[in-house]
Amino acid sequence: MQTTKPHAALLASPGMGHFIPVLELGKRLVSEHGFNATVFVVTTDTSLSQSQLLKKSHPIPKLLDIVLLPPVDISTLINPTTGILAQLAIMMRQALPSLRQAISAMKFCPTALIVDIFGTEAFAISEELNMLKYVFITSTAWFLALTIHLPTLDAKVVEEEHVRNHEPLMIPGCSSVRFEDTFEPVLDRNNQMYIEYIRMGVQMPTADGILVNTWQDLEPKTLGALGDKRKLGWVAQAPVYAVGPLVRPVKPGSSSDVLGWLDMQPQQSVVYVSFGSGGTLSAKQTTELAWGLELSEQRFIWVVRPPVEDDAAAAIFKTGHRSDNTPDFLPDGFLTRNQKKGLVVPMWAPQTEILSHPSVGGFLSHCGWNSTLESIVNGLPMIAWPLYAEQGMNATMLTEDIGVAVRLKSTPPVVVSREEIETTIRQVMEDKGDAIRARAKTLKSSAEKALSKGGSSYNSLSYVANDCE
Ligand code: UDX
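Residue numbering for the sequence shown follows UniProt numbering, beginning at 1 and increasing consecutively.
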């Protein structure tokens, strides 16, 4: 690699939801802003194979390397109650020595280290090796605002008003977070997730910059507040750069059974149903969703995972008789009855290719931020079904602020009924579909403008590039 170019080392935590946007950021730095880049990926066994898969299936620019760090084993450091956020933080901590070794072994030390939210402890390495340090938030500016403000909010107010009395959580200059949308680390200050989350919120503003996978016209109010030093007080040290939407592009010339099936369906007639890289439903909820899809009479593609065995009802579906190849966790005869209208894809589907297909007319999603951006850049209306993490906040933003989604009224752990699912799918695919689709198409253009040369996100990355020269 040449030495005259700035070189960014990027660090992605385990999981496709983090790796995909970090890789896209690296690609953009290389292809548009004159960088060399190395993406370090913290691995567990699962993410190792996924990353290799992605490397094989997507064109990677010449000046970008992907380095899989040795898999980390945290089995002795966690117990069954350790939440996912704390687990990711522990994995990243365990990976620090390998990261330090890998960077130190490079012929030329990279100019900057860019970590995702779980990697802020690696700032110690960038300080030691005299590199600039950035954090890349793979979610919204609103989530960023919550994260950096939480450590400074009055703990007693948070506890009494938000956690105990279910009052909205006020974030300076931004929309408040409703109790229903709040997420686990905020709720219990004795939990390890809370401690790790607060630590990240304290470390992030010490960076040379905070990059976020959103764009100016999508979140003008929040980004305005994040740029307003009076509102931010002590957390104002790091400038915030909106650099999105960074989403995985469609692989040119891709083909698969799913895409072949889509080719035969009418335009905008198919609803795509997926709960991201890790979302699962209970057995009872899986049944209700199956019936809801069938009753809606819409064409569908459903990425199905076996249900989590978290309720007694699961036992019924384990023993039920199945007359065709329908898996035993779906209603008897589901595949036969729906063979002309629907496609059930086990575990994983080529999502970006599906969402960009003209036959797809709507997306029933858990509102993970990557899925949300992929939907927006394809101008698709959404049915919002948030499950965990910051997905409740994302769903609120999509429905009440941006207006590209209809949200299911029931929220987990309440089981959403087949009738509610049927009605909501019909609303998006038939009744309200056109209005929301028009809004989604406007956002699609605004996203394209932000990313194009001279657009707000392009310019933000140029500022970062200038600092690295
Ligand atoms: C979680 C959070 O919810 C999200 O907001 C956060 O930013 C990252 O962690 P996750 O469950 O990984 O998200 O979902 P999402 O952010 O939507 O990312 C999933 C990615 O995997 C998307 O890029 C999607 O295209 C891809 N995917 C998922 C597939 O390609 N096929 C699938 O079948 C499922």
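In this text, a Cβ means the ideal position worked out from N, Cα and C, and glycines have one as well.
Going by beta carbon distance, what residues of the same chain come within less than 6 Å of Thr-286, once the five residues before and after it are set aside?
Excluding residues within five positions, the ones whose Cβ falls inside 6 Å are Pro-307 and Phe-329.
Use the C-beta contact count for Lys-27: other C-beta atoms within 10 angstroms, 16 or more gives buried, fewer gives exposed.
Buried, by the Cβ-count rule.
State the DSSP-derived secondary structure class of Trp-291, mapped to helix, strand or coil.
Trp-291: helix per DSSP, three-state reduction.
Just to check, is the beta-carbon of Val-42 closer than 7 Å to a non-hydrogen atom of the ligand UDX?
Every heavy atom of the ligand UDX is 7 Å or more from the Cβ of Val-42, so no.
From Leu-355 to Leu-88, what distance separates their C-alpha atoms?
Computed Cα separation, rounded: 29 Å.
On the CB-based measure, 16 or more other CB atoms within 10 Å of its CB, does Tyr-134 come out buried or exposed?
When all chains shown are included, Tyr-134 counts as buried.
Out of Tyr-272, Ala-141, Met-264 and Leu-146, which one is the CA nearest neighbour of Asn-213?
Ranking the options by Cα distance to Asn-213, first place goes to Ala-141.
Nearest to Ser-410 by alpha carbon, out of Ala-389, Ala-384 and Met-397?
Looking at the Cα atoms, Ala-384 is the closest of the given residues.
Distance check for Leu-289 and Gly-227, CA to CA, integer angstroms please.
So the two alpha carbons sit approximately 42 Å from each other.
How many whole angstroms separate the CB atoms of Lys-441 and Val-406, which I take to be in contact at a CB cut-off of 8 Å?
With 8 Å as the limit, Lys-441 and Val-406 do not qualify as a contact, their Cβ atoms being about 17 Å apart.
Between the region 236–251 and the region 263–276, can you find at least three pairs of beta-carbon atoms closer than 8 Å?
Counting Cβ pairs under 8 Å, fewer than three are found: no touch.
Tell me Phe-136's beta-bridge partners as DSSP assigns them.
Looking at the DSSP assignment, Phe-136 forms a beta bridge with Asp-116 and Leu-211.
Leaving out five residues on either side along the sequence, give the residues of the same chain with a beta carbon under 7 Å from the beta carbon of Gly-320.
Unreliable placement is indicated for Gly-320, whose pLDDT of 46 sits below 50; the coordinate value is still reported in the next sentence. If we look at Gly-320 and ignore the five residues flanking it on each side, its Cβ neighbours are Asp-328 and Asp-332.
Can you list, in chain order, the residues of its chain whose CB lies under 6 Å from that of Val-250, leaving out five sequence neighbours each side?
Cβ within range, chain order: Thr-352, Glu-353 and Ser-356.
Tell me, please, whether the region 186–206 touches the region 139–159 by the rule of three or more beta-carbon pairs shorter than 8 Å.
These segments touch.
Please work out which residues of its chain come closer than 6 Å, Cβ to Cβ, to Arg-299, disregarding the five sequence neighbours upstream and downstream, and give them in chain order.
Same-chain partners within the cutoff: Gln-265, Ser-269, Val-270 and Lys-341.
My parser needs the alpha helix (DSSP H) runs of 4 or more residues fully inside the region 184–228; what are they?
Counting whole runs of 4 or more residues, the region 184–228 contains the alpha helix (DSSP H) stretches 184–187, 192–203 and 220–226.
For the ligand UDX, any of its heavy atoms closer than 7 Å to the Cβ of Ser-256?
No; taking the cut-off as 7 Å, the Cβ of Ser-256 has no heavy atom of the ligand UDX nearer than that.
Do the CB positions of Pro-14 and Val-42 come within less than 8 Å of each other?
Yes, the Cβ-Cβ distance between Pro-14 and Val-42 is below 8 Å.
Taking all protein chains shown into account, decide if Gln-237 is buried (16 or more other Cβ within 10 angstroms of its Cβ) or exposed.
Looking at its Cβ environment, which holds fewer than 16 other Cβ atoms inside 10 Å, Gln-237 is exposed.
In this structure, does DSSP put Val-304 in helix, strand or coil?
Three-state DSSP puts Val-304 in a strand.
Which residues in the same chain have their Cβ closer than 8 Å to the Cβ of Asp-311, if we skip the five residues on either side of it in sequence?
Bear in mind that the predicted position of Asp-311 carries a pLDDT of just 47, short of 50, making it too unreliable to give a figure here.
By the DSSP assignment, the alpha helix (DSSP H) with Phe-19 in it spans what residues?
Taken as a continuous stretch (DSSP letters only), the alpha helix (DSSP H) holding Phe-19 covers 16–33.
Relative to the C-alpha of Pro-346, which candidate in Val-163, Asn-394, Thr-76 and Gly-276 has its C-alpha closest?
Of Val-163, Asn-394, Thr-76 and Gly-276, the residue nearest in Cα terms is Gly-276.
Straight-line CA distance for Lys-156 to Gln-339?
Cα to Cα, the separation comes out at about 56 Å.
By DSSP's criteria, Phe-275 is part of a beta bridge. Which residues make up the other side?
BP columns for Phe-275 are empty, so no partner.
Is Glu-374 near the ligand UDX, with its Cβ less than 7 Å from a heavy atom?
Flag set: Cβ of Glu-374 near the ligand UDX.
Tell me the DSSP secondary structure of Phe-329 in three-state form.
It is coil, neither helix nor strand.
Ordered along the chain, which non-local residues of its own chain (more than five positions away) have a Cβ less than 8 Å from that of Ser-452?
Closer than 8 Å at Cβ, skipping near neighbours: Tyr-458.
Considering just the uninterrupted stretch of the beta strand (DSSP E) at Ile-171, what are its terminal residues?
Run containing Ile-171: none; DSSP gives neither H nor E here.
By DSSP, does Thr-4 sit in helix, in strand, or in coil?
Reduced to three states, the DSSP call for Thr-4 is coil.
Please tell me whether Ala-12 and His-18 are closer than 8 Å, where the distance is taken between their beta carbons.
Against a cut-off of 8 Å, the Cβ pair of His-18 and Ala-12 comes out as a contact.
What residue does the beta strand (DSSP E) around Asp-467 start on, and which one ends it?
Note, Asp-467: premise wrong, no beta strand (DSSP E); alpha helix (DSSP H) at 456–468.
For Thr-336, which of helix, strand or coil comes out of DSSP?
If DSSP states are grouped into helix, strand and coil, Thr-336 belongs with the helices.
Our contact map puts His-166 next to Phe-179 with C-beta atoms below 8 Å; I'd like the distance itself, whole angstroms only.
Sure, about 4 Å apart at Cβ, within 8 Å.
Taking its Cβ as the centre, do 16 or more other Cβ atoms sit within 10 Å of Arg-164, making it buried, or is it exposed?
Exposed, since its Cβ has fewer than 16 Cβ neighbours within 10 Å.
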